[in-house]
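Same order as they appear, the protein sequences are chains A and B.
Here the working numbering = 1-based position in the first sequence + 307.
Here the working numbering = 1-based position in the second sequence + 307.
Let me begin by presenting the structure, written as structure tokens, before commenting on it.
Number of protein chains: 2
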Amino acid sequence: MSKRKETSTNLLNENYIVESCDLTYAVCMIGGRWKLLILCKLENGKLRFSELRDRINGITERMLTLQLRELEKEGLVKRTVHAEVPPRVDYELTSIAKELVPIWSQLSDWGGKHRKLMNKPR
Amino acid sequence: MSKRKETSTNLLNENYIVESCDLTYAVCMIGGRWKLLILCKLENGKLRFSELRDRINGITERMLTLQLRELEKEGLVKRTVHAEVPPRVDYELTSIAKELVPIWSQLSDWGGKHRKLMNKPR
DNA sequence: TATGGTACAGACAAATTTGTAAGTAATGAG
DNA sequence: CTCATTACTTACAAATTTGTCTGTACCATA
């Protein structure tokens, strides 16, 4: 949640693009270093913070927090806090996020295919 | 084509993630501020550099060049130089990129739907 | 009273991406 | 010889994202 300069060309461009293109809008939601990894892990149900952290190799708590916050804002994950000590918080996909699953599965297949093509060029 | 530090955690993380997840791999290909816009414009056939530049609001020649170069490297667009003066260069989608079209059309639909949901939250 | 587990928050720095503002080569037209 | 056109390139600066490290509240348990 580092604030962005509200007057930068960079931000204006991004806004303009996202406004005018549903596709770019969609990809922006799931862009960012860790978002897809997080969403994937949640594909089979709820997980708590520490479970996510432990399953995603290399992520720091800070990054996990930041990306979860954004995903929450975007309405892709739902956050539930249990009033316990020590605290317990879990995350799950929202219904609109679940609609993405079949799409990203195709995209993943495409990725696999493309990767092979690139390995043995011709 | 700004070089990246080969020893940074940032790059190591990216490599690791992309290696281990076809989905992230795929999304990385089309990530970046302008790539999808460019690909969309090429959906209906070849365009030359200046045509792309004029159709993509806000892009600079530098950015267009950079992103086209990456797309070319990734095998998503094909670049053809005509030996003329003044120079003429055109760009078109490769066949693997064309396979993405139906997927991104679904993603675009999802984006539109999601956008509406967000506008009138409940 | 000291310790421990959980889910973070904050300050700061490094890395990366994006934008700005020039300039270039080649050559045909005038 | 001068200028215009096209598709770039380069140096530099600003913005943004990602990573490092330290610290916090809560209370149950030893």
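Backbone N, C-alpha and C fix where the C-beta goes; we use that ideal spot for every residue, glycine too.
Bear in mind that the values here come from a model prediction, so they are computed numbers and not experimental data.
Q) So, is the C-beta of T372(B) closer than 8 Å to a C-beta in chain A? A) no
Q: Take V388(A) and list the residues in its own chain whose beta-carbon comes closer than 6 Å to its own, dropping the five residues that flank it on each side.
A: V396
Q | DSSP-derived helix/strand/coil call for R395(B) | A | strand
(Q) Strictly below 8 Å CB to CB, what residues from chain B border A333(A)? (A) L414, S415, W417, G418, H421
Q: List the endpoints of the continuous alpha helix (DSSP H) containing K312(A).
A: Taken as a continuous stretch (DSSP letters only), K312(A) belongs to no alpha helix (DSSP H), as it is neither H nor E.
Q: Mind listing, in chain order, the continuous alpha helix (DSSP H) runs of no fewer than 4 residues lying wholly within the stretch 338 to 362 of chain B?
A: 342 to 348, 356 to 362
Q.
Please report the straight-line C-alpha distance between N317(B) and S402(A), rounded to a whole angstrom.
A. 32 Å
Q. Apart from the five residues just before and just after L343(A), which ones in its own chain have a Cβ nearer than 8 Å to its Cβ?
A. I337, W411
**Q.** R340(B): contacting residues in chain A (beta-carbon distance under 8 Å)
**A.** N320, E321, I324
Q.
Taking 8 Å as the limit between beta carbons, can you name the residues of its chain near E350(A), skipping five residues before and five after?
A. L400, V408
Q) How is the beta strand (DSSP E) around K385(B) delimited, first residue to last? A) 384 to 389
(Q) Considering Cα atoms alone, identify which of G339(B), K420(B), K405(B), N426(B) is closest to G352(B). (A) K405(B)
Q) Residues of chain B with CB under 7 Å from E313(A), in chain order? A) Correct list: empty, because the minimum Cβ distance to chain B is about 17 Å.
Q: Rounded to whole angstroms, what's the CA-CA distance from R362(A) to R422(B)? Just pull it up for me.
A: 30 Å
Q. Can you pull the DSSP bridge partners for L289(A)?
A. Absent from the model: residue 289(A). The displayed extent of chain A is 308 to 429, so no value can be given.
Q | Cutoff 8 Å: E267(B) Cβ touching any chain A Cβ | A | With chain B running from 308 to 429 in the structure shown, residue 267(B) is simply not present.
Q. Where does K423(A) fall in DSSP's three states?
A. helix
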